[in-house]
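What follows is a set of notes on a single structure, which appears directly below.
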Amino acid sequence: MKTTFARASKYFVLAGLLAGTAAMAQRITPEDWRRWEEEEIKLQKLNPLPDPEPEFWTATTIRGLVFVERLEDVDPKGVDAIGVTVRGPASLDAKGVAGRVWRFLGRNLNYETMRAIHAEVLAYLRDHNRPLVDVIFPEQDVTEGILQIVVREARVGRLELREPGAVTAGFTNRWGNTNYLSRMMRLQPGDVVDSKILEQDLDWVTRSPFRSISGQVSFRKGAGELETDIQAQIRHRKPWEVSIGYDNTGSVATDLDRIFAGVSGGKVLGTVDNYATYQFIADPELDHLKAHAVTYAALLPWRHTLRVFGYHSDTSAQISDLSTVTGDSYQASLRYEMPLPRLGRMQHEFSLGLDFKHLGNTLEFGGTVAQDNPWEVFQTPAGYVAAASDGWGRTIFTAEGFHSP
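This note's numbering runs 705 ahead of the 1-based position in the sequence shown.
This is the structure we're talking about:
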């Protein structure tokens, strides 16, 4: 008896909410994909897979599963293959997918088994950064127990980064250019939709403190078959900030009161993404402390960050009527920061650097230098920082070690 069945398919078209911050922004998470899958299951109940012919339920035992990438690769007359065979797409690792579907070999080829295979393949692809796929059981002869399965991956139709409220892509609020950011994205029209690459791309283009994700990143059905249009809203802020403030974190010797003023700016030295900051800190009378701190960050084309920073401070403290301590200190530092692959919601990075520090303290007693012991340190730090956001806010963990030769 020859057993055939008709085509059944499911195509995911997803939309997700992404909340962004300046440097390490929250992106697509496994919880998002699971939520979207639940929504798809609801749609599936409204449009279920077609029921096969009655004899199909008991006529065939599964002897082999063959995965292909295109409908044209399916032989309607059936194929000869035992076990699990993967002929495409490239994202289906033979050992990986076999581990998910091997348990179906030897089972009756029926509607429930097909649904279970369908769910396992989708789960495997979702776990491997392929959330938008079309899994199809095309019409074929399954008399010999060999089931051919087509796995088609969605591709990017249009990729648009827009200012919030912009009607068209490329609109600028004069603080930034979204067309420039689109060229920075590795995921381009025609590419397979890869959630990991998309996540990393959006993390990188919003690493500047003057740029952030705003509102939703949306996925919509594109113009072509299996095409998905992706749109993200990128908010540009003015590339400069001025700050002033006061606190009481000083010391009794150098005055508890502190005043500070600073400025930060992007597009430094004619670049789009590099930025610098400067801050001045002193006591209100400018008698005991005057400190200057500066930072310069360069976002490199290979998606690492080079950060240079340093400070210089002069201090003067009256210990008693006859003794005074004056100090002169400075530091020059370099950090090379390398983002690491995400771990769920957690973003993290590793850094290496160099530090040179000078500290000079002079004790004067009765107008005479009683002690002058400057010291200098050269050290190589290594650091790790991780950050994760949730409903309660944002948690940051930092660890840093130093070695001084």
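Cβ coordinates follow ideal geometry from the N, Cα and C atoms, glycine included.
Between Met1051 and Ile949, what straight-line distance do the alpha-carbon atoms span, to the nearest angstrom?
Locating residue 1051 in the sequence shown gives position 346, where the first residue counts as 1. Locating residue 949 in the sequence shown gives position 244, where the first residue counts as 1. Approximately 32 angstroms between the Cα atoms of the pair.
Given that a residue counts as buried once 16 or more other Cβ atoms are within 10 Å of its Cβ, and exposed if not, what is Leu892?
Reading the sequence shown from its first residue, position 187 is the one you call residue 892. Under this definition Leu892 is a buried residue.
Name the residue from Gly1096, His1017, Asn815 whose alpha carbon lies nearest to the alpha carbon of Lys1062.
Stepping through the sequence shown from its first residue, residue 1062 is reached at position 357. Nearest Cα to Lys1062 within the set Gly1096, His1017, Asn815: His1017.
Would you give the residue range spanned by the alpha helix (DSSP H) that Ile841 belongs to?
The count along the sequence shown starts at 1 and reaches residue 841 at position 136. Segment 838-842 is the beta strand (DSSP E) holding Ile841; no alpha helix (DSSP H) there.
Identify which residue in Arg1040, His993, His823, Val1082 has its Cα closest to the Cα of Val1090.
Here residue 1090 refers to the residue found at position 385 when the sequence shown is read from its first residue. Just measuring C-alpha positions, the residue of Arg1040, His993, His823, Val1082 sitting nearest Val1090 is Arg1040.
Proximity below 7 angstroms, CB of Glu946 to CB of Ser969:
By one-based count along the sequence shown, residue 946 stands at place 241. By one-based count along the sequence shown, residue 969 stands at place 264. Between Glu946 and Ser969, the gap from beta carbon to beta carbon is short of 7 angstroms.
Status (buried if at least 16 other CB within 10 Å, exposed otherwise) for Pro836
As a first step, residue 836 must be located in the sequence shown, where it is residue number 131. Here Pro836 is buried, its C-beta having at least 16 other C-beta atoms within 10 Å.
With a cut-off of 8 angstroms, do at least 3 Cβ pairs link the segment 805-812 to the segment 774-783?
Not touching, per the Cβ criterion.
Which of the three DSSP states is assigned to Asp798 in this structure?
By one-based count along the sequence shown, residue 798 stands at place 93. Residue state, collapsed to three classes: coil.
Taking Arg857 and Leu931 to be in contact with their CB atoms under 8 angstroms, please state how far apart those CB atoms are, rounded to whole angstroms.
Mapped onto the sequence shown, residue 857 falls at position 152. Mapped onto the sequence shown, residue 931 falls at position 226. Rounded to whole angstroms, the Cβ separation of Arg857 and Leu931 is 6 angstroms, and the two are in contact under 8 angstroms.
Would you report the Cα separation of Leu1011 and Lys800, rounded to the nearest angstrom?
Locating residue 1011 in the sequence shown gives position 306, counting from the first residue. Locating residue 800 in the sequence shown gives position 95, counting from the first residue. Cα-Cα distance, rounded: 40 angstroms.
Ala996 - DSSP class collapsed to helix/strand/coil:
One-based indexing of the sequence shown puts residue 996 at position 291. Secondary structure at Ala996: strand, using DSSP grouped into helix, strand and coil.
Can you tell which of Asp960, Val771, Gly967 has its C-alpha closest to the C-alpha of Ile851?
What you label residue 851 is simply residue 146 of the sequence shown in a count that begins at 1. Among Asp960, Val771, Gly967, the Cα nearest to that of Ile851 belongs to Val771.
Given this structure, state the Cα-to-Cα distance separating Val922 from Gly895, to the nearest angstrom.
Your numbering for residue 922 matches position 217 in the sequence shown. Your numbering for residue 895 matches position 190 in the sequence shown. Rounded to the nearest angstrom, the two C-alpha atoms are 19 angstroms apart.
Where does Ile986 fall in DSSP's three states?
For this step, residue 986 is matched to residue 281 along the sequence shown. Of the three classes helix, strand and coil, the one that applies to Ile986 here is strand, per DSSP.
Could you tell me which of Asp839, Leu864, Asp846 sits nearest to Thr686, measuring between CA atoms?
Residue 686 falls outside the range modelled here, since the chain spans only 706 to 1110, and no answer is possible.
Spatially closest choice to Asn815 from Phe842, Gly927, Ala1022, by CA coordinates
The residue given as residue 815 occupies position 110 in the sequence shown. Checked all of Phe842, Gly927, Ala1022; the closest Cα to Asn815 is Phe842.
State the beta-bridge partners of Ile939 as determined by DSSP.
Working through the sequence shown from its first residue, we reach residue 939 at position 234. Beta-bridge partners of Ile939 (DSSP): Ile918.
From Phe1107 to Trp1080, what distance separates their C-alpha atoms?
Residue numbering aside, residue 1107 sits at position 402 when the sequence shown is read from its first letter. Residue numbering aside, residue 1080 sits at position 375 when the sequence shown is read from its first letter. One C-alpha to the other measures close to 17 angstroms.
Rounded separation between Phe985 and Ala859 - CA only:
For the purposes of this step, residue 985 is taken as residue 280 along the sequence shown, with counting starting at 1. For the purposes of this step, residue 859 is taken as residue 154 along the sequence shown, with counting starting at 1. Just so you know, the alpha carbons of Phe985 and Ala859 end up roughly 53 angstroms apart.
Helix, strand or coil for Gln893 per DSSP?
Stepping through the sequence shown from its first residue, residue 893 is reached at position 188. Here Gln893 sits in coil by DSSP.
Would you say Asp960 and Asn953 are within 7 angstroms of each other, going by their C-beta atoms?
Against the sequence shown, residue 960 aligns to sequence position 255. Against the sequence shown, residue 953 aligns to sequence position 248. Contact: no.
What do you reckon, are the CB atoms on Glu1042 and Ser1056 nearer than 7 angstroms?
Within the sequence shown, residue 1042 is the residue found at index 337, counting from 1. Within the sequence shown, residue 1056 is the residue found at index 351, counting from 1. Inclusion of Glu1042 and Ser1056 in the CB contact set at 7 angstroms is warranted, their separation being smaller than that value.
For a test of the three-state rule: what should DSSP assign to Leu770, helix, strand or coil?
Here residue 770 refers to the residue found at position 65 of the sequence shown. Here DSSP, grouped into helix, strand and coil, assigns Leu770 to strand.
Along the chain, where does the alpha helix (DSSP H) containing Val1082 start, and where does it finish?
The residue you call residue 1082 lines up with position 377 of the sequence shown. Counting along the chain, Val1082 sits inside no alpha helix (DSSP H); it lies in the beta strand (DSSP E) bounded by residues 1080-1095.
Alpha-carbon spacing of Gly811 relative to Arg925, whole angstroms
Here residue 811 corresponds to residue number 106 of the sequence shown, with the count starting at 1. Here residue 925 corresponds to residue number 220 of the sequence shown, with the count starting at 1. One C-alpha to the other measures close to 39 angstroms.
Integer Cβ distance of His941 from Arg916, believed to fall under 8 angstroms:
Start at 1 with the first residue of the sequence shown, and residue 941 comes out as number 236. Start at 1 with the first residue of the sequence shown, and residue 916 comes out as number 211. Taking C-beta atoms under 8 angstroms as the contact rule, His941 and Arg916 qualify, at a distance of about 6 angstroms.
Report back the beta-carbon spacing between Tyr980 and Pro914 to the nearest angstrom; my notes put them in contact at under 8 angstroms.
Here residue 980 corresponds to residue number 275 of the sequence shown, with the count starting at 1. Here residue 914 corresponds to residue number 209 of the sequence shown, with the count starting at 1. With 8 angstroms as the limit, Tyr980 and Pro914 qualify as a contact, their Cβ atoms being about 6 angstroms apart.
Counting along the chain, where does the alpha helix (DSSP H) carrying Asp899 start and finish?
Working through the sequence shown from its first residue, we reach residue 899 at position 194. From DSSP, Asp899 is part of no alpha helix (DSSP H); its letter is neither H nor E.
Nearest-angstrom Cα distance between Gly1032 and Lys995?
What you label residue 1032 is simply residue 327 of the sequence shown in a count that begins at 1. What you label residue 995 is simply residue 290 of the sequence shown in a count that begins at 1. Going by the C-alpha atoms only, they are around 11 angstroms apart.
Looking only at its chain, what residues have a beta carbon closer than 7 angstroms to the beta carbon of Leu864, apart from the 5 residues adjacent to it on each side?
Taking the sequence shown and counting its residues from 1, the one referred to as residue 864 is at position 159. Ser887, Met890, Leu892, Gln893, Pro894, Ile935.
Leaving out five residues before and five after Trp909 in sequence, what residues of the same chain have Cβ atoms less than 6 angstroms from its Cβ?
Along the sequence shown, one-based indexing puts residue 909 at 204. For Trp909, where only same-chain residues beyond five positions count, the Cβ hits under 6 angstroms are Arg1008.
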